[in-house]
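Going by this note's numbering, the first residue of the sequence shown is number 113, and it counts up by one from there.
Accompanying notes for the structure given below.
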Amino acid sequence: MKTGIHPAYHQITVSCACGHSFTVGSTHAEDMRVEVCANCHPLYTGKANLVDTAGRLDKFNARQQKAQAHKEAAKVRLESKKAKAAEAEAAAKQAETSK
113 MKTGIHPAYH QITVSCACGH SFTVGSTHAE DMRVEVCANC HPLYTGKANL
163 VDTAGRLDKF NARQQKAQAH KEAAKVRLES KKAKAAEAEA AAKQAETSK
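Below is the structure:
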């Protein structure tokens, strides 16, 4: 082997979202975090589980609730505009008939 061309080899700790951690050799110098490992992966455990470390599902649900609230508010505004227009039209007709 040539000297000086190979990266340094370090022992790092890999931490999983399930709480399991283990030590591996790597050229990456910093500790790593992973979402799934052999301790919690469904292929190895035989169980289906959802690991949502980024909160993506919570973010999606929050967006859906916000969109639903926006739709309901728009519907209320539209109904209010229609009611005001109907009142104005009725007032205009009443003004014409009273002349």
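Yeah, the Cβ is synthetic: ideal placement off N, Cα and C, and Gly gets one too.
query                                                                                                                                     : result
What number of angstroms, rounded off, separates the C-alpha of A185 from the C-alpha of R175?                                            : 15 Å
Which class does T135 belong to by DSSP, given the choice of helix, strand or coil?                                                       : strand
Pop quiz: T125 and S133 are said to be a contact at Cβ under 8 Å. What is the actual Cβ separation, rounded to whole angstroms?           : 6 Å
Report the start-end ranges of each alpha helix (DSSP H) in the region 149-193 that is 4 residues or longer and not cut off at the edges. : 154-157
I need the boundaries of the beta strand (DSSP E) containing T115, first residue and last residue.                                        : Where T115 is concerned, there is no enclosing beta strand (DSSP E), given that its DSSP letter is neither H nor E.
Under 8 Å Cβ to Cβ from Y121, same chain only, skipping five residues before and after it: list those, please.                            : G137, S138, T139
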